[in-house]
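Here is the structure we will look at, set down as structure tokens.
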Amino acid sequence: MEYRINHNPMFSILEIDLDQAETVVAQPDSMLSMTGSIQLKAAMGRRGAGKLSGFKSMLGGENFFTAEFSAKKPGQTLTLAPDTYGDILPLPLDHQESFYLTRGSYLANIGECDLQIKYGGIKGVMSKKGLFLLHASGTGTVFCQSYGALIQRDLVAGEKFYVDNRFVVAFTDTIEYQLVKATDTLKDSLFSGEGLVNRYTGPGRLFYQTRAKPSGGWLTQLFQAAF
Numbered sequence: 013m014e015y016r017i018n019h020n021p022m023f024s025i026l027e028i029d030l031d032q033a034e035t036v037v038a039q040p041d042s043m044l045s046m047t048g049s050i051q052l053k054a055a056m057g058r059r060g061a062g063k064l065s066g067f068k069s070m071l072g073g074e075n076f077f078t079a080e081f082s083a084k085k086p087g088q089t090l091t092l093a094p095d096t097y098g099d100i101l102p103l104p105l106d107h108q109e110s111f112y113l114t115r116g117s118y119l120a121n122i123g124e125c126d127l128q129i130k131y132g133g134i135k136g137v138m139s140k141k142g143l144f145l146l147h148a149s150g151t152g153t154v155f156c157q158s159y160g161a162l163i164q165r166d167l168v169a170g171e172k173f174y175v176d177n178r179f180v181v182a183f184t185d186t187i188e189y190q191l192v193k194a195t196d197t198l199k200d201s202l203f204s205g206e207g208l209v210n211r212y213t214g215p216g217r218l219f220y221q222t223r224a225k226p227s228g229g230w231l232t233q234l235f236q237a238a239f
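For the record, in the sequence shown the residue sitting at position 174 is 186 according to this note's numbering, with numbers rising by one throughout.
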């Protein structure tokens with residue numbers, strides 16, 4: 013199975029070439045086009061994991077259902093498009109490196125990827141992307157969607173880096189993260205607009221986007237903070 017990312021960084025699409033019996037799992041409503049011998053079916057949550065994984069996916073900011081595209085003949089092509097204006101990030105997985113994906117970042121995966129919703133703990137209670145993260149491990153490739161261009165930051169052991177969590181797309185699970193105050197006083201928080209940020213401590217790789225996706229108002233923000 014081969015893939016290409018075209019028209020990046022702002023209007024990216026993901027093209028995947030499938031041989032017979034190969035399958036791509038993706039977020040619903042992400043298909044732009046496909047050749048005639050690809051079969052599409054809906055599954056609850058992660059592939060083969062049942063209804064419970066569907067509810068967990070909702071907690072992680074993803075859809076209850078996923079779309080499965082399977083090639084019935086050789087030489088098939090599937091094209092996926094994110095629902096945002098931005099780049100697509102491929103994250104190769106192996107047994108030595110796994111990733112956390114933030115809310116709404118997941119686009120698709122190929123290969124033997126194990127996707128699990130993980131509770132962020134008390135450190136994520138006030139995080140602007142919610143309490144839950146999607147943990148990607150196994151073998152294969154998981155694809156993330158971003159809003160704007162992507163920046164990679166490589167952190168050495170003990171190195172600290174601060175990012176507004178609305179901009180974070182993914183990071184290796186070797187990185188520790190914690191919600192901290194961005195300013196020393198309440199006045200500085202109110203007038204700077206930067207009250208709380210996430211602190212990421214290496215070693216590992218951190219990927220973040222250059223824009224934050226517009227929210228749907230304070231009710232949406234409240235719901236996202238809770239879930």
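No residue lacks a Cβ here, since even glycine has one placed at the ideal position from N, Cα and C. Keep in mind it's a predicted model, so treat the numbers as computed, not measured.
* **Any beta strand (DSSP E) of 3 or more consecutive residues that is wholly inside the region 136-192** => For the region 136-192, whole beta strand (DSSP E) runs of length 3 or above, ordered along the chain, are 144-150, 152-157, 162-167, 172-175, 180-184.
* Does the distance from the C-beta atom of TYR97 to that of MET22 stay below 8 Å? -> Looking up residue 97 in the sequence shown gives position 85. Looking up residue 22 in the sequence shown gives position 10. Taking 8 Å as the Cβ cut-off, TYR97 and MET22 qualify as a contacting pair.
* Identify which residue in PHE173, VAL181, PHE183, ALA182 has its Cα closest to the Cα of THR192. => Along the sequence shown, one-based indexing puts residue 192 at 180. It should be noted that the sequence gives Val, not Thr, for residue 192. When only C-alpha atoms are compared, the closest one is PHE173.
* Asked: Can you tell me whether DSSP reads ASN20 as helix, strand or coil?
  -> Position 8 of the sequence shown, counted from the start, is the residue given in the question as residue 20. DSSP places ASN20 in coil when its eight states are reduced to three.
* To do: Please state whether DSSP places GLN128 in a helix, a strand or coil.
  => In the sequence shown, counting from the first residue as 1, residue 128 sits at position 116. When secondary structure is reduced to three states using DSSP, GLN128 falls in the strand class.
* Express the C-alpha separation of ARG178 and ILE17 in angstroms, rounding to a whole number. => Residue mapping note: residue 17 aligns to position 5 of the sequence shown, counting from 1. Residue mapping note: residue 178 aligns to position 166 of the sequence shown, counting from 1. Rounded to whole angstroms, ILE17 to ARG178 spans 24 Å at the Cα level.
* To do: Below 7 Å CB to CB, which residues in the same chain sit around LYS85 once its five sequence neighbours on both sides are set aside?
  => Counting from 1 along the sequence shown, the entry for residue 85 is found at position 73. Counting only Cβ-Cβ distances below 7 Å, and skipping sequence neighbours, we find GLN32, SER49.
* **Paired residues, beta bridge with ALA120 - DSSP** => Within the sequence shown, numbered from 1, the residue matching residue 120 stands at position 108. ALA120 is bridged by DSSP to ALA38, PHE155.
* Is LEU26 helix, strand or coil by DSSP? -> The residue given as residue 26 occupies position 14 in the sequence shown. Here LEU26 sits in strand by DSSP.
* Could you tell me whether any Cβ in chain B is nearer than 8 Å to the Cβ of ILE122? => Within the model displayed, chain B is absent; a lone protein chain is all it includes.
* Is the CB-CB distance between GLU27 and THR89 below 8 Å? -> Translated into the one-based positions of the sequence shown, residue 27 becomes position 15. Translated into the one-based positions of the sequence shown, residue 89 becomes position 77. It is a contact, given that the beta carbons lie within the stated cut-off.
* To do: Take the Cβ of VAL168 as the centre, count every other Cβ of all protein chains shown within 10 Å, and call the residue buried at 16 or more, exposed below.
  => Walking along the sequence shown from the start, residue 168 turns up at place 156. So VAL168 ends up on the exposed side.
* Which residues in the same chain have their Cβ closer than 7 Å to the Cβ of ASP126, if we skip the five residues on either side of it in sequence? -> The residue you call residue 126 lines up with position 114 of the sequence shown. Taken in chain order, the residues that qualify are SER149, GLY150.
* Out of GLY123, LYS225, LEU146, state which residue places its alpha-carbon closest to the alpha-carbon of GLY160. => Looking up residue 160 in the sequence shown gives position 148. Among GLY123, LYS225, LEU146, the Cα nearest to that of GLY160 belongs to LYS225.
* From the DSSP output, read off the bridge partner residues of LYS53. => Here the question's residue 53 lines up with position 41 in the sequence shown. Answer is GLU80, bridged to LYS53.
* Residues that DSSP places opposite TYR112 in a beta bridge -> If you number the sequence shown from 1, residue 112 lands on position 100. According to DSSP, TYR112 shares a beta bridge with HIS147, PHE183.
* Less than 8 Å between the CB atoms is what I'm expecting for PHE155 and VAL181, so what's the real figure, rounded? => Here residue 155 refers to the residue found at position 143 of the sequence shown. Here residue 181 refers to the residue found at position 169 of the sequence shown. PHE155 to VAL181, Cβ: 11 Å. No contact.
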